[in-house]
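Here's the structure, in structure tokens; my notes come after.
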Amino acid sequence: MMNKTIAVLFAAAVTSATCLAQGSQTVAEDFKPSTLNQPGQEYPQVNSQGYARFRIKAPQADSVKVSLGLGGRGGTKLVKGTDGFWTGTTDGPLDEGFHYYHLTVDGGTFNDPGTLNYYGSVRWESGIEIPAHDQDFYALKDVPHGHVQQILFPSKSTQTSRRAFVYTPPGYEKETSKKYPVLYLQHGWGEDETAWTNQGRANLIMDNLIAEGKIKPFIIVMTYGMTNEVKWGRIKEFRIEPFQTVLVDELIPYMDANFRTLADRSNRAMAGLSMGGMETRTITLNKPEVFGAYALLSGGVYTPDDLNGKSKAKLIFLSCGSKENPDRVNKAAADLKAAGYNVVSYVSDKTAHEFQTWRRSLRELAPLLFK
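Numbered by mature numbering (1 follows the signal peptide of the UniProt record, and there is no 0), the letters in the sequence shown go through residues -21 to -1, 1 to 350 in order.
Below is the structure:
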């Protein structure tokens, strides 16, 4: 019994020391509502250091926790006040950019009623934006804007109409004789075709780059990549063939028939983040005659052996966050360069497997395409 008591006291001492270390930074009391809040909602809030603060009304609850927290250590536990509101601040600053989160109230999973929802983790999740030092490149500015429209295209292979979102650059509707290259851009596991514009700000990134004269305007097509559903932890069961059929045999012909596209390999690229990168890698290796440029954003790498004997890509782009596996990305790029391929690697500073990495990756990729 004495040994148990000593063990408990030791554990408590370690925990206290850890909390003290985490809390050694003075938290600046300059919190402001997140830019992703519902209209008129004050919480969640973020401060200049990247901390997030939450306030939830749940007077009958016994426990409330937010899934966000420093380093994924079980999230942020909120404390109940006499007014029935639960309040808490993350135990450290979060990475810059967009984050999904949810609430756990007495063991049940709920969204925060104070903020907007975004499809991720195979469900609609709450979202919070931690202001980034470089957020200007995806900011909403007074520049000409392209259009993002929903399309429904026929899919005989799945016996239904499938949805895609299409970004057309500024001027597309007026310059009716002009044709454009196309980037097919895929989301990650658990997300859908809304992710790249809602979470990733892809349309605003494009608008700003075009306004600055940094890129050749092109169309972006985003569709749902989970043609055969797989559950968490069983990604190895995913088969590419159904989605490959939808993309190559159904969506691309539909786009070429209904939009003013430059319908040839050199003016067609494919890219994807995370699982979308895995899809991109597999499809471009299976169908190298279809796409002239490939981009894997936190989605694996190519090797010279993968590409040997196949139609040579005009560009291969590999990226990840500095908190992921940058050595693997940089080594793969070096190996491909040594083998004679036009490859560019990019590592997003101080980010992990998250949308700030992929926003920055798209910013770096777009000027390199269709040159």
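Just so you know, even glycine gets a beta-carbon here, dropped at the ideal spot from N, CA and C.
Would you give the residue range spanned by the beta strand (DSSP E) that residue i belongs to?
i, result
"Val141", "At residue 141 the sequence reads Arg, which differs from the Val that was named. Per DSSP, Arg141 belongs to the beta strand (DSSP E) from 139 to 147."
"Tyr79", "76 to 80"
"Leu275", "272 to 276"
"Leu286", "It is not in any beta strand (DSSP E) - Leu286 instead sits in the alpha helix (DSSP H) that spans 283 to 286."
"Glu108", "102 to 109"
Please identify the residue among the options whose C-alpha is closest to the C-alpha of residue i.
i, options, result
"Gly93", "Thr83, Gly86, Gly99, Ile107", "Ile107"
"Cys299", "Asn321, Lys289, Pro123, Tyr325", "Tyr325"
"Phe77", "Pro38, Lys302, His332", "His332"
"Arg102", "Asn90, Gly150, Gly319", "Asn90"
"residue 380", "Asp171, Asp113, His112", "Because the chain is modelled from -21 through 350, residue 380 falls outside the range shown and cannot be assessed."
"Arg218", "Asp186, Lys195, Met254", "Met254"
"Arg204", "Val269, Asn182, Trp168, Ala317", "Residue 204 is actually Gly in this sequence, not Arg. If we check each option's Cα against that of Gly204, Trp168 comes out closest."
"Thr61", "Lys36, Lys44, Val308", "Lys36"
"Lys329", "Ala317, Lys302, Leu341, Val308", "Lys302"
"Arg342", "Lys291, Ala236, Leu188", "Leu188"
"Asp115", "Val25, Leu82, Pro133, Gln335", "Gln335"
"Ala345", "Ala174, His112, Thr282, Ala181", "Ala181"
"Pro38", "Phe296, Thr282, Val84, His126", "Val84"
"Pro305", "Ser277, Thr55, Gln178", "Ser277"
"Phe222", "Asn265, Gly63, His112", "Asn265"
"Asn177", "Glu104, Phe238, Ala317, Pro149", "Glu104"
State the CB to CB distance for the pair residue i and residue j, rounded to an integer number of angstroms; the pair is presumed to be in contact (CB under 8 Å).
i, j, result
"Phe349", "Phe197", "6 Å"
"Leu47", "Tyr98", "Not a contact, Cβ separation roughly 18 Å."
"Val200", "Val161", "6 Å"
"Leu347", "Val323", "6 Å"
"Val25", "Ile109", "6 Å"
"Pro23", "Ala31", "6 Å"
Going by the C-beta, is residue i closer than 6 Å to any heavy atom of the ligand MN?
i, result
"Glu8", "Absence of the ligand MN is noted for the structure shown, with no ligands found whatsoever."
Can you name the start and end residues of the alpha helix (DSSP H) that residue i belongs to?
i, result
"Gly337", "Residue identity check: residue 337 is Trp in the sequence provided, not Gly. 334 to 344 is the span of the alpha helix (DSSP H), which, as asked, contains Trp337."
"Thr259", "254 to 265"
Is residue i close to chain B? Criterion is C-beta to C-beta, closer than 7 Å.
i, result
"Lys195", "Here chain B cannot be found, since the structure has a single protein chain."
- Query: With a cut-off of 8 Å, do at least 3 Cβ pairs link the stretch 233 to 243 to the stretch 259 to 269?
  - Reply: no
- Secondary structure, alpha helix (DSSP H): runs of 4+ residues fully inside the stretch 170 to 201: Counting only runs of 4 or more, we get 174 to 177, 181 to 190.
- Task: Assess, as a yes-or-no matter, whether the stretch 304 to 313 is touched by the stretch 147 to 156 under the definition of 3 or more beta carbon pairs within less than 8 Å.
- Result: With the cut-off at 8 Å, the stretch 147 to 156 and the stretch 304 to 313 do not touch.
- Message: Quick check on the DSSP output: what are the complete beta strand (DSSP E) runs of length 3 or more inside the stretch 46 to 75, in order along the chain?
- Response: 64 to 68
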